[in-house]
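Take the sequence shown: its position 32, counting from 1, is numbered 111 in the working numbering, and each next residue is one higher.
Data first, discussion second: the structure below is written as structure tokens.
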Amino acid sequence: KHMHVPSVLQSPFKKELLQFSFNLFIYEVANLFHCHGLYVNARRGRKERLTMEFLHLVETKSKTHHDVAFYADSLFITMGHLNKTVKSVTGKTAKRCIEDAVIGHARTLLQKDMTVLAISEELNFSNPAFFSNFFKKHSGHTPSEFRSAL
């Protein structure tokens, strides 16, 4: 008796699911670092600590704050330093980390029975069209295409 289980690799959203899973993993690691702060801090370098602080802020603030300047100001560093540090640790720019988090929030909200207008307001976009364009640019699908594939 062999039961067929759909694979992530067969999904039309394979790239997005893998990227989202990786981001979830990074957030879980960031959470572990945050929860075990002093113990883990002894084994991390300055760049890694700064990146973990940044990822924690992104985890908690990216629904409403989408700009790198907000995170750099919150961490009392320049945007250039934040970008350079995050890129050296994660391989992604700070902006890309923020965009990935916003897309993750959007995907979660699109699975609920919320309108695109409500989602765009929840994620602090100026209007639904801007949100839809952002979502399409970063996921390759419109919000309605994403929903219909669920």
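For glycine and all other residues, C-beta sits at the position ideal for the given N, C-alpha and C.
Every value quoted in this text rests on a predicted model; they were computed, and no experiment measured them.
For residue j and residue i, the rounded distance between their alpha carbons
i    : j    : result
E224 : L189 : 10 Å
R226 : S100 : 18 Å
V181 : T143 : 9 Å
K140 : D192 : 23 Å
F104 : T130 : 15 Å
L202 : V137 : 13 Å
F133 : H184 : 17 Å
F155 : H145 : 17 Å
R128 : K163 : 14 Å
F149 : K171 : 18 Å
E107 : G124 : 19 Å
Cβ neighbour criterion (16 or more within 10 Å) applied to residue i
i    : result
S199 : buried
N120 : With a pLDDT of only 45 at N120, under the threshold of 50, the placement of this residue in the model should not be trusted; the figure read from the coordinates follows. Exposed is the call here.
T194 : exposed
S40  : Since the first residue of the chain shown is 80 and the last is 229, residue 40 is not available in this structure.
F204 : buried
Pair within 8 Å by beta-carbon distance, residue i and residue j
i    : j    : result
M158 : V165 : no
L169 : C176 : According to the sequence shown, residue 169 is Thr rather than Leu. Taking 8 Å as the Cβ cut-off, T169 and C176 qualify as a contacting pair.
F214 : P222 : yes
6 Å Cβ shell around residue i - same chain, five flanking residues per side excluded
i    : result
L161 : A151, A173
P207 : V195, L196, S199
Cβ neighbours of residue i in the same chain (closer than 8 Å, five flanking residues each side left out)
i    : result
S167 : K126
Q98  : D179
7 Å Cβ shell around residue i - same chain, five flanking residues per side excluded
i    : result
S211 : V195, T221, P222
L229 : Q190
Closer than 8 Å to chain C by CB, residue i
i    : result
E127 : The structure shown has no chain C; it contains just one protein chain.
Considering only residues of the stretch 122–171, which uninterrupted alpha helix (DSSP H) runs meet the minimum length of 4 residues and lie entirely inside it, listed in chain order? The qualifying runs are 125–140, 147–153, 158–169.
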